[in-house]
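Protein chains in written order, with my numbering: chain Z, 2 to 154; chain R, 75 to 470.
For every residue, glycine included, the Cβ atom is placed at its ideal position computed from N, Cα and C.
As the structure is a prediction and not an experimental result, all values here were calculated from the model.
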């Protein structure tokens with residue numbers, strides 16, 4: 002009797018959890034949003050408590066007189082809208098075509114290119130579980146050991 | 075030349091370009107407040123960062139988010155520092171100010187700028203304008219015969235393609251790709267951190283790596299194939315010596331050496347060198363559903379009237395720091411040539427200083443005797459009519 006030919010990779014994969022389309026999209030969106038971040042670490046001065054004993058030096062006496070009419074707190078109050086709020090607001094007073102939304106470039110007509118999530122070279126295969134791309138068995142191993150489903154959004 | 079010089083502040087999301095128009099070039103100041111691990115209790119505001127000895131793990135406080143001025147208290151601190159005696163002193167009550175804003179700036183932000191410059195800094199005359207408009211003014215002054223022009227502004231937050239016909243901006247045809255220097259640096263950080271060394275905290279250093287090592291591939295797939303080769307057949311593979319801030323202040327690129335050195339920290343850069351700037355030409359490579367630069371330029375040009383199209387193709391101008399990757403201009407030329415009708419001539423202008431190009435436009439403006447009267451709003455007018463007159467006169 003001839004044993005049926007089968008792919009070890011597929012057999013193994015069928016027993017594992019497979020991420021559905023929605024969560025794959027959510028992960029991709031999260032990854033894109035992360036590219037907008039300013040910092041990935043915490044403020045190094047966050048734990049700093051300014052001691053009251055430290056003398057505060059002032060270069061001239063005039064500085065006191067010249068103090069700005071408006072303090073930093075005032076600025077925080079006056080301009081406290083974040084980007085999402087501004088965008089939402091602009092929809093009402095600038096609803097017609099030339100605006101921030103309408104200026105976004107349309108999707109490309111060219112087909113997507115795919116690159117290995119591990120080494121960055123052109124890839125031909127897709128990870129069955131999470132949909133990431135890989136180019137070789139070696140990269141698949143690295144991917145499964147490090148990223149695949151490790152930080153599910 | 076009209077008498078008084080202007081003060082031009084090109085308020086970029088990452089770099090302020092500022093100075094009086096009597097100067098030759100603008101002064102560049104980082105538009106950020108930074109905190110260093112090594113020096114606690116000290117904030118590095120703007121150009122202070124040059125005094126920081128150890129720039130590892132810098133923490134950024136940026137006034138801009140997604141290309142728009144959101145954190146005004148941060149920005150005010152940076153401006154105060156920039157206009158101070160030891161940086162770029164200026165007396166606004168008797169110097170007209172040209173201030174740039176991003177395209178499609180939100181109305182509350184525009185009004186905020188009016189308030190701050192007229193009420194806080196006591197400006198005598200203010201002109202708020204797009205940095206892209208200033209670039210166009212500069213281009214027009216260099217090419218007086220051009221009927222139309224297409225400005226490609228590739229900055230820190232995003233990339234804009236802006237067509238002008240007979241000096242007038244075609245606002246409904248402006249298109250934006252959400253790829254800029256910030257995204258590129260973050261992407262480089264991402265892939266290096268995953269592949270070899272954790273550098274997620276090192277935005278400042280990795281930005282320098284990007285500037286020193288990255289280039290735009292002329293034939294992307296050919297370069298990919300070359301990067302896969304070993305030994306001397308691969309001219310792309312390089313080593314980047316990271317700064318240690320004791321003997322090496324800024325990292326540098328070098329050829330890979332066989333004998334390992336213990337003392338320095340290295341990054342091996344291979345396909346990262348060109349796959350990062352490639353995102354400008356193919357944002358879909360990281361899953362951004364947007365056209366690449368060349369495709370988008372042709373898309374915008376095709377939306378214009380047919381008799382204008384050859385004029386636009388002959389007057390393309392590149393501005394912004396992210397156009398400075400080696401090979402950028404040639405690659406754009408190559409891609410456009412493949413897409414544009416062959417009977418049309420294509421000419422791309424790459425200024426010697428793409429970062430200061432818009433500022434130079436402000437300098438051109440100051441030589442126009444009528445500009446002050448026609449375009450600016452005076453403090454008196456603002457006090458009489460408030461935001462209304464600014465909204466009428468300034469076309470953002």
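Presumed contact (8 Å Cβ cut-off) between residue i and residue j, rounded CB distance
| i | j | result |
| --- | --- | --- |
| residue 367 of chain R | residue 251 of chain R | 7 Å |
| residue 534 of chain R | residue 284 of chain R | Coverage of chain R is limited to positions 75 through 470, which leaves residue 534 of chain R absent and any answer about it impossible. |
| residue 84 of chain R | residue 432 of chain R | 5 Å |
| residue 108 of chain Z | residue 363 of chain R | 4 Å |
| residue 292 of chain R | residue 318 of chain R | Rounded, the Cβ-Cβ distance is 34 Å, inconsistent with contact. |
| residue 279 of chain R | residue 316 of chain R | 7 Å |
| residue 142 of chain R | residue 33 of chain Z | No, residue 142 of chain R and residue 33 of chain Z are not in contact; Cβ-Cβ is about 18 Å, not under 8 Å. |
| residue 88 of chain R | residue 108 of chain R | In fact, because the Cβ distance is near 12 Å, the residues do not count as touching under 8 Å. |
| residue 302 of chain R | residue 122 of chain Z | 6 Å |
| residue 203 of chain R | residue 468 of chain R | 7 Å |
| residue 258 of chain R | residue 351 of chain R | 7 Å |
Nearest candidate by alpha-carbon position, reference residue i, set the options
| i | options | result |
| --- | --- | --- |
| residue 9 of chain Z | Z:105, Z:101, Z:129, Z:146 | Z:129 |
| residue 242 of chain R | R:211, R:256, R:253 | R:211 |
| residue 384 of chain R | R:430, R:398, R:411 | R:411 |
| residue 229 of chain R | R:445, R:430, R:434 | R:430 |
| residue 253 of chain R | R:394, R:277, R:428, R:128 | R:394 |
| residue 97 of chain Z | R:259, R:350, R:246, R:320 | R:246 |
| residue 144 of chain R | R:329, R:106, R:166, R:462 | R:106 |
| residue 462 of chain R | R:213, R:184, R:199 | R:184 |
| residue 266 of chain R | Z:39, Z:90, Z:119 | Z:119 |
| residue 90 of chain Z | R:149, R:153, R:180, R:157 | R:180 |
| residue 326 of chain R | R:320, R:341, R:337 | R:341 |
| residue 399 of chain R | R:156, R:154, R:321, R:428 | R:428 |
Test item: CB-CB of residue i and residue j under 9 Å
| i | j | result |
| --- | --- | --- |
| residue 174 of chain R | residue 396 of chain R | no |
| residue 453 of chain R | residue 197 of chain R | yes |
| residue 84 of chain Z | residue 147 of chain R | no |
| residue 226 of chain R | residue 390 of chain R | yes |
| residue 86 of chain R | residue 209 of chain R | no |
| residue 343 of chain R | residue 312 of chain R | yes |
| residue 150 of chain Z | residue 25 of chain Z | no |
| residue 94 of chain Z | residue 178 of chain R | no |
| residue 460 of chain R | residue 207 of chain R | no |
| residue 235 of chain R | residue 370 of chain R | yes |
| residue 119 of chain R | residue 151 of chain R | yes |
| residue 359 of chain R | residue 44 of chain Z | no |
| residue 39 of chain Z | residue 382 of chain R | no |
| residue 237 of chain R | residue 103 of chain R | no |
Residue range of the unbroken beta strand (DSSP E) whose run includes residue i
| i | result |
| --- | --- |
| residue 456 of chain R | No beta strand (DSSP E) contains residue 456 of chain R, which is instead part of the alpha helix (DSSP H) from 453-459. |
| residue 224 of chain R | 222-228 |
| residue 348 of chain R | From DSSP, residue 348 of chain R is part of no beta strand (DSSP E) but of the alpha helix (DSSP H) over 346-349. |
| residue 172 of chain R | 171-175 |
| residue 134 of chain R | 133-135 |
| residue 274 of chain R | No beta strand (DSSP E) holds residue 274 of chain R; DSSP gives it neither H nor E. |
| residue 314 of chain R | 312-315 |
Range covered by the alpha helix (DSSP H) that runs through residue i
| i | result |
| --- | --- |
| residue 186 of chain R | 181-189 |
| residue 144 of chain R | Taken as a continuous stretch (DSSP letters only), residue 144 of chain R belongs to no alpha helix (DSSP H), as it is neither H nor E. |
| residue 29 of chain Z | 22-35 |
| residue 204 of chain R | Not the alpha helix (DSSP H): residue 204 of chain R falls in the beta strand (DSSP E), residues 199-204. |
| residue 263 of chain R | 255-269 |
| residue 138 of chain Z | 138-147 |
| residue 237 of chain R | No alpha helix (DSSP H) contains residue 237 of chain R, which is instead part of the beta strand (DSSP E) from 233-239. |
| residue 244 of chain R | Per DSSP, residue 244 of chain R belongs to no alpha helix (DSSP H) and is neither H nor E. |
| residue 376 of chain R | 367-377 |
| residue 449 of chain R | 445-449 |
| residue 81 of chain R | Element bounds for residue 81 of chain R: not the alpha helix (DSSP H) but the beta strand (DSSP E), 81-85. |
| residue 437 of chain R | 431-440 |
| residue 101 of chain R | Looking at the DSSP string, residue 101 of chain R is not in any alpha helix (DSSP H); the run it does join, the beta strand (DSSP E), is 101-104. |
Proximal residues of chain R, C-beta to C-beta of residue i below 8 Å
| i | result |
| --- | --- |
| residue 38 of chain Z | 260 |
| residue 133 of chain Z | Residues of chain R passing the Cβ test: none, with the nearest at roughly 11 Å. |
| residue 94 of chain Z | 181 |
| residue 144 of chain Z | Residues of chain R passing the Cβ test: none, with the nearest at roughly 10 Å. |
| residue 150 of chain Z | Within 8 Å Cβ-Cβ: nothing; residue 150 of chain Z doesn't reach chain R, min ~16 Å. |
| residue 141 of chain Z | The premise fails here: residue 141 of chain Z is roughly 15 Å from chain R at the closest Cβ pair, so nothing lies under 8 Å. |
Residues that residue i contacts on chain Z, provided the C-beta gap is smaller than 7 Å
| i | result |
| --- | --- |
| residue 144 of chain R | 83, 84 |
| residue 203 of chain R | Simply none; closest approach about 17 Å. |
| residue 139 of chain R | 84 |
| residue 366 of chain R | 109 |
| residue 359 of chain R | 114, 116 |
| residue 178 of chain R | 100, 101, 104 |
Beta-carbon neighbours of residue i, restricted to chain Z and to distances below 8 Å
| i | result |
| --- | --- |
| residue 415 of chain R | Neighbours of residue 415 of chain R on chain Z: none; closest Cβ ~17 Å, over 8 Å. |
| residue 302 of chain R | 122 |
| residue 349 of chain R | 116, 121 |
| residue 257 of chain R | 36, 37 |
Chain-ordered neighbours of residue i on chain R, where CB pairs are closer than 7 Å
| i | result |
| --- | --- |
| residue 44 of chain Z | 109, 133 |
Where residue i meets chain R, residues with beta-carbon distance less than 9 Å
| i | result |
| --- | --- |
| residue 87 of chain Z | 142, 144, 180, 181, 182, 183 |
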